[in-house]
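Student: Chains as they are written, first to last, in the working numbering: chain A, 2 to 253; chain B, 13 to 274.
Every residue, glycine too, gets a C-beta built ideally from N, C-alpha and C.
(1) Quick one: using the 10 Å Cβ neighbour count with 16 as the cut-off for buried, is residue 266 of chain B buried or exposed?
(2) Which residue wins for smallest C-alpha separation from residue 28 of chain A, given the options A:234, A:132, A:192?
(3) What separation, rounded to the nearest whole angstrom, lies between the Cα atoms of residue 100 of chain B and residue 82 of chain B?
(4) List the residues that DSSP assigns as beta-bridge partners of residue 97 of chain A.
(5) For residue 38 of chain B, which of helix, strand or coil comes out of DSSP?
(6) Along the chain, where does the beta strand (DSSP E) that runs through residue 253 of chain B open and close?
(7) Please go through the region 129 to 217 of chain A and give each complete alpha helix (DSSP H) segment of 4 or more residues, from N-terminal end onward.
(8) Assign residue 34 of chain B to one of two classes, buried (16 or more other C-beta atoms within 10 Å of its C-beta) or exposed (fewer than that).
(9) Work out the CA separation of residue 210 of chain A and residue 111 of chain A for me, nearest whole Å.
(10) Skipping 5 residues on each side, what residues in its chain have a beta carbon closer than 7 Å to that of residue 62 of chain A?
(11) Looking only at its chain, what residues have a beta carbon closer than 6 Å to the beta carbon of residue 28 of chain B, apart from the 5 residues adjacent to it on each side?
(12) From residue 76 of chain B to residue 198 of chain B, what does the alpha carbon distance come to, in whole angstroms?
(13) How about residue 275 of chain B and residue 250 of chain B: are their beta carbons less than 7 Å apart?
(14) At a CB-CB cut-off below 7 Å, which residues of chain A make contact with residue 121 of chain B?
(15) Skipping 5 residues on each side, what residues in its chain have a beta carbon closer than 8 Å to that of residue 53 of chain A?
(16) For a contact meaning CB atoms closer than 9 Å, what does residue 232 of chain A contact in chain B?
(17) Return helix, strand or coil for residue 17 of chain A, following the three-state DSSP convention.
(18) Run through the region 64 to 110 of chain B for me and flag every whole alpha helix (DSSP H) of 4 or more residues, listed as ranges in chain order.
(19) 7 Å is my cut-off, CB to CB: does residue 117 of chain B come that close to chain A?
(20) Would you mind telling me which residues of chain A sit closer than 7 Å to residue 136 of chain B, beta carbon to beta carbon, in chain order?
(21) To the nearest angstrom, how far is the alpha carbon of residue 189 of chain A from that of residue 181 of chain A?
(22) Short check: CB of residue 221 of chain A to CB of residue 113 of chain A, under 7 Å?
(23) Cβ-heavy atom distance between residue 246 of chain A and the ligand ATP below 6 Å?
Here it is, written out as structure tokens:
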């Protein structure tokens, strides 16, 4: 009984993703709307992602310091925090925050447009609503999340530097050197690549939930809620897959 | 057994200035079901140029389904719908978009884009069809469309700032801006007070007279039907049960027709 709705939902999303690839790359291109969505989804998420990144970097540093100090390994803090943030914490925390902010907003916006017939109005105006609403948003989330993750990583590393200087003295040059000397392309690249998939999942699930929303205002709430829940879950599943793949490639 | 529509009413009156009116919309033997719910069963209707036809029926009788089949939002299970000489059931997406530029649709809920100003709502269809090439041209068309519905001062307002009647007028302006040949109205007066409802009905008439557009109006508001209809088609049990002018149908003794006019 439980499997069938989940499989139906998964099938629906797969079909929706197929439609995205079929329609997304054929003209007419909605460049103006896509740029606007990049602004809304990327630029307007920056304060939240920045604050989260800053807190993440500082907390990680402050909490690990006493333990590292017990072993006389304080000099390893920049490398440890750097690896943790770049490889895992930066992408996953940013993606979850992004899912909470953008996934719910897309789900609610499209859901509301569906129940108030705005999507139908778009269609009768001679506009393909899938291209105008879905393709632009999914492309924007896919491209903006990696950018936001890079910024969050940078802010978190700076916060870690600030955290270290709260209890001791480290120069920025030494700190940067310590972080970079322990980072390899095998750490940075897979972590960066997986954020494209996280962004795609958040956009696609948010749009799917909103686009097929029904049951009036209750349906809009459900669309926003389930967009966040499902995309957060999918982010963890994708992360697990990414770890397995990088393991197979010998990058872990 | 349902009587044939022709037996109930005399031939529909042609618009005064046209001897042989051109049929701009022909619905022929359309069938549409949702599971076991057979909404339309062999429904047929013709709309001539410059004419207002009201499809009258009870709530849930399939009026909105009919109008959504006409505009291509729903696909009929059987039958054909010919709009301006093209069978909408056979058109691909691009051809349908071209056709939709010539057919305006006024939604029951108005369906204004609530994140856009009134001006942007009107510009949206205009820009999709590349009908204005300069900013000044766009401004003129927007202003003209808003003045046609008596709301010249609302261009920079948001839909949420407007009353129900004003929203209906803006929605009408948005359909008018493309100068369509056919207008489809889905319950244009539902949810409005009697005074505003009458104003909207008069506006529908004014649009018909000013632009000579044909209109298919879905309604169960008898005041709107009386004020707007050149011809009325009664939708009962998924079929066109009776057809004629308002006065002709009102005079018929059939109880299933009479209950609408009582």
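Tutor: The short version:
(1) Exposed.
(2) Of A:234, A:132, A:192, the smallest CA-CA separation from residue 28 of chain A is found for A:132.
(3) Rounded to the nearest angstrom, the two C-alpha atoms are 7 Å apart.
(4) Note: residue 97 of chain A sits in no beta bridge, so no partner.
(5) DSSP places residue 38 of chain B in strand when its eight states are reduced to three.
(6) Looking at the DSSP string, the run of the beta strand (DSSP E) that includes residue 253 of chain B is 251 to 256.
(7) Listed in chain order, the complete alpha helix (DSSP H) runs (minimum 4 residues) inside the region 129 to 217 of chain A are 137 to 168, 173 to 182, 186 to 212.
(8) Residue 34 of chain B comes out exposed.
(9) Cα-Cα distance, rounded: 8 Å.
(10) Apart from sequence neighbours up to five positions away, the residues of its chain that approach residue 62 of chain A with a beta-carbon distance below 7 Å are 78, 82, 161, 164, 165, ordered along the chain.
(11) With a pLDDT of 45 at residue 28 of chain B, under the threshold of 50, the modelled position of this residue cannot be trusted; read the value that follows with caution. Excluding positions up to five away in sequence, the list is empty.
(12) Distance between the alpha carbons of residue 76 of chain B and residue 198 of chain B is about 6 Å.
(13) Limits of chain B in this structure are 13 at one end and 274 at the other, which puts residue 275 of chain B out of reach.
(14) Residues of chain A whose Cβ lies closer than 7 Å to the Cβ of residue 121 of chain B are, in chain order, 117, 118.
(15) Within the same chain, residue 53 of chain A has close Cβ partners 94, 95, 98, 153.
(16) At a C-beta separation below 9 Å, residue 232 of chain A has no neighbours in chain B, since its nearest C-beta there lies roughly 22 Å away.
(17) Helix, per DSSP.
(18) For the region 64 to 110 of chain B, the continuous alpha helix (DSSP H) assignments of 4+ residues that do not extend past its boundaries occur at 75 to 83, in sequence order.
(19) By this cut-off, residue 117 of chain B is an interface position.
(20) Taking a Cβ-Cβ threshold of 7 Å, the residues of chain A close to residue 136 of chain B are 126, in chain order.
(21) If you take the alpha carbons of residue 189 of chain A and residue 181 of chain A, they lie about 11 Å apart.
(22) Against a cut-off of 7 Å, the Cβ pair of residue 113 of chain A and residue 221 of chain A comes out as a contact.
(23) Within the structure as shown, the ligand ATP is missing, as the structure has no ligands at all.
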